[in-house]
Each structure stands twice: as C-alpha cells, then as structure tokens.
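Peer 1: In the numbering used here, the protein residues as written are 94 to 230.
#1: Buried or exposed for residue 104, please, with buried defined as at least 16 other CB atoms from any protein chain shown within 10 angstroms of its CB.
#2: Does the pairing of the stretch 172–186 with the stretch 144–161 give three or more beta-carbon distances under 8 Å?
#3: Please list the segments of the beta strand (DSSP E) lying wholly inside the stretch 150–229, counting only runs of 3 or more residues, in order along the chain.
#4: Please report the straight-line C-alpha distance between residue 210 and residue 130, rounded to a whole angstrom.
#5: With DSSP collapsed to three states, give me the class of residue 104.
#6: State buried or exposed for residue 170, treating a residue as buried only when at least 16 other CB atoms are found within 10 Å of its CB.
#7: Near residue 201, what residues of its chain come up, given a Cβ to Cβ distance below 7 Å and the 5 sequence neighbours on each side ignored?
#8: What's the call for residue 108, buried or exposed, on a 16-neighbour Cβ count within 10 Å?
#9: If I measure Cβ to Cβ from residue 134 and keep anything under 7 Å in the same chain, skipping five residues before and after, which residues do I get?
#10: Checking the sheet assignment: what are the DSSP bridge partners for residue 121?
#11: Is the beta carbon of residue 136 less than 8 Å from the beta carbon of residue 215?
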C-alpha cells in the first residue's frame with residue numbers, strides 16, 4: 094500500500110485545538126488558556142494519519158510505502174514492513190515541509206507510476222479546495 098502525502102500550499106492551513114483543564118493554583122485564567130491552545134497544520138494532521146495507517150498496514154502483515162511531494166517529490170520510501178521500516182518512514186515524514194506553492198499532483202502521480210511495481214492500494218492524503226466556477230460538492 095502506498096501512502097501519498099500532499100505538502101503543497103493547502104497543507105499550511107492551521108487551526109487551533111483546545112483541551113479542557115482546570116486552572117492551576119497561582120496562574121491566571123489567561124495563562125491557563127494559553128497553555129491549552131495548540132496550533133496544528135493540515136500537514137501535522139496528515140503526517141499523523143500516515144503514521145497511523147502505516148502501523149495498521151504493517152500490523153496486518155502488508156507492506157507500506159511513502160511518497161510526499163509539493164512542487165517536487167520531497168521524500169519517498171519503497172515498500173517494506175516491520176518496525177525498522179516504520180522508523181524510516183517516521184524519520185522521512187519529520188523532514189517533510191509544507192510549501193507556499195501549489196503542489197504538482199501530476200508529477201507525483203507520474204513518479205508513483207514509475208515506482209509502483211505491483212498492484213496495490215494507493216491512499217492519497219490531500220486537501221481539496223473549492224475553486225471559483227468549479228463544481229459544488
């Protein structure tokens with residue numbers, strides 16, 4: 094199974110997560126609120142999903158591979174399995190950076206076509222933006 098990760102401009106989109114927690118002794122409500130805020134990007138969420146998918150895929154005995162890209166391919170990991178392969182994938186994912194430009198999906202698909210030797214499932218993690226004049230979902 095191939096996990097393909099889009100690190101183009103939309104992966105920079107950030108949102109804020111909040112946790113519930115009581116105010117600790119000696120800290121103001123504002124200080125407590127700041128500690129509970131966490132800014133997360135789409136890329137953060139996508140890399141977490143990729144690792145979780147790889148764990149499930151590897152746990153079932155199947156092989157998994159990675160291709161991350163923006164304007165160009167950033168990282169690739171050929172199919173494999175096991176804890177060492179998962180560690181290599183995590184190391185490569187830690188080096189993926191979101192880009193300010195739109196991702197080159199066609200180049201990524203072309204590279205994937207050249208790398209993929211056997212039939213398999215491709216899981217493409219991307220953000221689809223609505224364009225003006227485009228179809229309504």
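From the three backbone atoms N, C-alpha and C, an ideal C-beta is built for every residue, glycine too.
Note that the structure is predicted; figures quoted are calculated from it, not measured.
Peer 2: On the basis of the supplied data:
#1: buried
#2: yes
#3: 157–162, 166–173, 215–218
#4: 44 Å
#5: helix
#6: buried
#7: 97, 160, 162, 166
#8: exposed
#9: 104, 105, 106, 107, 191
#10: Per DSSP, none; premise fails for residue 121.
#11: no
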